[in-house]
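Here is the structure we will look at.
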Amino acid sequence: MGTVRAQEAGAPQGSTEAQLTPNSTKPVPREFRFMNTPMNSHDNVHSRRHVRLGDAGDLMAAVPAMLGFHPHRSIVLIAVEDGGAGVGPTMRHDLVLAGEHIDRRAGSGTRTTPEMLDVIGYLAGYCASENIPAVIAVFVDDRLDRAVRGVHLLDVEAVVGELVTTLASFGIELSCALATAEIADSAVWWSLSGPQRHGRMSDPSTSPLTVARVLDGYSVRRSRRELAETIAPGPEGTVRAVAAEISRLGRSGRSRSDELTAVLSYVARAPYDTELDPVDIARIAVAIRVVQVRDALLALTLGDDAGFVEEFWAMISRVLPRRERAIAATLLAFSAYVRGDGPMARIAIDAALEVDEKYSLALLLDRSLSVGAGPELVREVAESGFACARACGVRLPGDPFGRR
Numbered sequence: 517m518g519t520v521r522a523q524e525a526g527a528p529q530g531s532t533e534a535q536l537t538p539n540s541t542k543p544v545p546r547e548f549r550f551m552n553t554p555m556n557s558h559d560n561v562h563s564r565r566h567v568r569l570g571d572a573g574d575l576m577a578a579v580p581a582m583l584g585f586h587p588h589r590s591i592v593l594i595a596v597e598d599g600g601a602g603v604g605p606t607m608r609h610d611l612v613l614a615g616e617h618i619d620r621r622a623g624s625g626t627r628t629t630p631e632m633l634d635v636i637g638y639l640a641g642y643c644a645s646e647n648i649p650a651v652i653a654v655f656v657d658d659r660l661d662r663a664v665r666g667v668h669l670l671d672v673e674a675v676v677g678e679l680v681t682t683l684a685s686f687g688i689e690l691s692c693a694l695a696t697a698e699i700a701d702s703a704v705w706w707s708l709s710g711p712q713r714h715g716r717m718s719d720p721s722t723s724p725l726t727v728a729r730v731l732d733g734y735s736v737r738r739s740r741r742e743l744a745e746t747i748a749p750g751p752e753g754t755v756r757a758v759a760a761e762i763s764r765l766g767r768s769g770r771s772r773s774d775e776l777t778a779v780l781s782y783v784a785r786a787p788y789d790t791e792l793d794p795v796d797i798a799r800i801a802v803a804i805r806v807v808q809v810r811d812a813l814l815a816l817t818l819g820d821d822a823g824f825v826e827e828f829w830a831m832i833s834r835v836l837p838r839r840e841r842a843i844a845a846t847l848l849a850f851s852a853y854v855r856g857d858g859p860m861a862r863i864a865i866d867a868a869l870e871v872d873e874k875y876s877l878a879l880l881l882d883r884s885l886s887v888g889a890g891p892e893l894v895r896e897v898a899e900s901g902f903a904c905a906r907a908c909g910v911r912l913p914g915d916p917f918g919r920r
């Protein structure tokens with residue numbers, strides 16, 4: 517299948533929210549993976565990592581690395597670029613099949629559900645807007661069996677038919693459609709369109725894309741649920757202790773410079789000191805409630821330690837009370853978004869909105885991700901964090917206008 521590129525994924529001095537307004541707000545796709553941007557936020561945006569994917573089995577084995585987790589009951593669209601030699605954005609959505617429930621079908625002679633028709637229409641429109649010439653569709657569902665033409669396989673074949681028709685209406689080709697019950701070593705895969713092919717998958721853990729992802733410091737989770745558990749709320753006792761310290765601190769009365777400097781010191785300690793006391797966590801919480809401090813911290817997604825920063829926000833978000841958890845989870849989402857990791861960004865955004873459905877920065881990230889806005893949009897906002905830091909009297913590492 518040729519050589520496939522493995523490329524993962526300024527505001528004014530006040531708040532950054534107004535910078536992230538996309539053209540549409542229809543929240544259809546669950547996850548985007550922006551493979552046409554660097555995996556690490558500090559990589560050169562023009563860099564290329566070439567990975568050879570020999571056949572369909574190798575491509576399917578690489579899907580977990582593309583998403584950051586093993587998909588289940590999912591449709592995955594992989595954009596094909598550079599005449600078939602490159603992979604662009606990767607999109608995943610829950611696979612909603614009618615099965616034996618005829619009343620769940622869209623009618624008009626199709627087995628496809630209304631939900632899937634909406635998803636297909638949206639994804640086709642997105643591909644057209646991004647000038648994507650062709651896509652590969654991968655269906656992963658434990659209800660599918662190549663040897664048995666059951667109702668679920670018939671449903672998936674109907675989805676493929678709708679996909680071909682809808683994509684063609686936008687001038688986009690479905691290069692091939694592939695199916696498997698699971699993505700695992702030696703799992704059986706087969707084609708749903710074009711020449712009838714089948715085979716066994718290579719080991720996903722040894723996929724060049726997986727190796728590249730691990731070398732960049734990011735793991736591949738066994739499921740989306742496992743990925744979400746990385747920021748699940750921590751022990752209630754710890755959260756209560758942190759909340760008590762936040763109440764005790766109240767408004768610190770410290771300058772924005774002191775607040776930002778304090779958070780930066782904790783971030784710098786993170787790789788070596790993962791056990792913070794409730795009072796330390798409370799001090800961080802009080803500081804990030806200051807909008808200018810929060811916005812300045814967005815610039816940390818562009819530094820050499822972006823991976824550590826992301827782990828820091830994941831760790832902190834688990835033990836914060838609701839209001840502050842929304843802020844930390846949004847900072848995590850921002851970092852994941854900048855490096856092109858749509859699935860992690862989506863999970864973090866959902867976590868933020870679950871505890872504060874009106875949190876403006878999370879809402880705007882939500883809208884941007886839902887319409888597939890690329891990481892370059894949020895990267896520009898991250899760059900504005902340097903100006904926010906200067907306004908706080910702090911020079912961040914990497915600031916193009918001065919050294920700290």
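For what it's worth, the working numbering labels the leading residue of the sequence shown as 517, then goes sequentially.
Glycine is no exception: its CB is placed at the ideal position from the N, C-alpha and C atoms.
Would the beta-carbon of residue i fall within 8 Å of that of residue j?
i       : j       : result
Ser-876 : Ile-747 : no
Ala-695 : Val-672 : yes
Ala-801 : Glu-840 : yes
Val-577 : Met-717 : Note that residue 577 is Ala in the sequence shown here, rather than Val. Yes; because the gap between Cβ atoms is below 8 Å, this pair is in contact.
Leu-670 : Pro-859 : no
Gln-899 : Ala-815 : Here residue 899 turns out to be Glu, not Gln, going by the sequence shown. Cβ distance < 8 Å, so Glu-899 and Ala-815 count as in contact.
Leu-660 : Ala-697 : yes
Glu-631 : Val-612 : yes
Ile-797 : Val-835 : yes
Gly-615 : Val-667 : yes
Pro-935 : Ala-759 : In the structure displayed, the chain extends from 517 to 920; residue 935 sits before or after that span and is not available.
Assign residue i to one of two classes, buried (16 or more other C-beta atoms within 10 Å of its C-beta) or exposed (fewer than that).
i       : result
Ala-822 : buried
Ala-684 : exposed
Thr-681 : exposed
Arg-799 : buried
Glu-597 : buried
Val-664 : exposed
Glu-917 : The question names Glu, yet the displayed sequence has Phe at residue 917. Result: exposed.
Tyr-788 : exposed
Asp-658 : exposed
Arg-740 : buried
His-617 : exposed
Arg-883 : buried
Met-555 : Note that Met-555 has pLDDT 30, beneath the 50 cutoff, so the model's placement of it is unreliable and no number is given.
Pro-605 : buried
Asp-701 : exposed
Leu-574 : The sequence shown places Asp at residue 574, rather than the Leu named in the question. By the 10 Å Cβ count, Asp-574 comes out buried.
Gly-599 : exposed
Gly-602 : buried
Going by beta carbon distance, what residues of the same chain come within less than 8 Å of residue i, once the five residues before and after it are set aside?
i       : result
Ala-878 : Ala-842, Ala-845, Thr-846, Ala-849, Ile-865, Ala-868, Leu-869 and Asp-872
Ser-927 : Since the displayed the chain opens at 517 and closes at 920, residue 927 lies outside it and no answer follows.
Ile-699 : Met-576, Ala-577, Val-579, Pro-580, His-586, Pro-587, Val-656, Met-717 and Pro-720
Gln-712 : Trp-706
Counting only the same chain and skipping the five closest in sequence on each side, list residues whose C-beta sits under 6 Å from that of residue i.
i       : result
His-562 : The predicted model places His-562 with a pLDDT of 27, which falls under 50 and marks its position as unreliable; any figure quoted below should be read in that light. Nothing meets the Cβ criterion.
Leu-593 : Met-607, Leu-639, Val-651 and Ala-653
Thr-628 : Ala-622, Ala-674, Val-675 and Glu-678
Ser-557 : Since pLDDT at Ser-557 reaches only 26, below the 50 mark, its modelled position is unreliable, and the value read off the structure follows with that caveat. Excluding positions up to five away in sequence, the list reads Thr-817, Leu-818, Ala-822, Val-854 and Arg-855.
Ala-744 : Ile-863
Leu-912 : Ala-815, Phe-902 and Ala-905
Ala-693 : Ala-653, Val-676, Leu-708 and Ser-709
Glu-761 : Pro-794, Val-795 and Ala-798
Leu-765 : Ala-798 and Val-802
Within its chain, find whatever has a CB closer than 7 Å to the CB of residue i; leave out the 5 residues flanking it on each side and keep chain order.
i       : result
Leu-780 : none
Arg-662 : Val-704, Trp-706 and His-714
Gly-637 : Thr-682
Tyr-642 : Gly-888
Ser-773 : Cys-908, Gly-909 and Val-910
Val-806 : Arg-772 and Glu-775
Glu-752 : none
Ser-645 : none
Val-736 : Pro-580, Ala-581, Gly-584, Phe-585, Thr-726 and Arg-729
Leu-885 : Phe-548, Tyr-853, Gly-858, Ala-861, Arg-862 and Ile-865
Arg-620 : Ala-614 and Thr-629
Gly-914 : Leu-818 and Gly-819
Any 3 or more C-beta pairs closer than 8 Å across the region 900 to 908 and the region 852 to 866
Touching, no, given that fewer than three Cβ pairs across the two stretches are closer than 8 Å.
May I have a chain-ordered list of the alpha helix (DSSP H) segments no shorter than 4 residues that lie completely inside the region 831 to 899?
At a cut-off of 4 residues, the continuous stretches assigned as alpha helix (DSSP H) that sit fully inside the region 831 to 899 are 838 to 854, 858 to 871 and 876 to 886.
Indicate whether the contact test is met: 3 or more Cβ pairs, each with one atom in the region 721 to 728 and one in the region 685 to 692, closer than 8 Å.
These segments do not touch.
Counting Cβ pairs, one atom from each stretch, are 3 or more of them under 8 Å apart for the region 883 to 903 and the region 802 to 814?
Yes, since at least three Cβ pairs between the region 883 to 903 and the region 802 to 814 fall closer than 8 Å, the two stretches touch.
Runs of beta strand (DSSP E) lying entirely within the region 626 to 691, each at least 3 residues, in chain order:
Unbroken beta strand (DSSP E) runs of no fewer than 3 residues, entirely contained in the region 626 to 691, are found at 650 to 656, following chain order.
Output the residue ranges of the beta strand (DSSP E) runs that lie fully inside the region 710 to 775 and measure 3 residues or longer, sorted by chain position.
For the region 710 to 775, whole beta strand (DSSP E) runs of length 3 or above, ordered along the chain, are 714 to 716.
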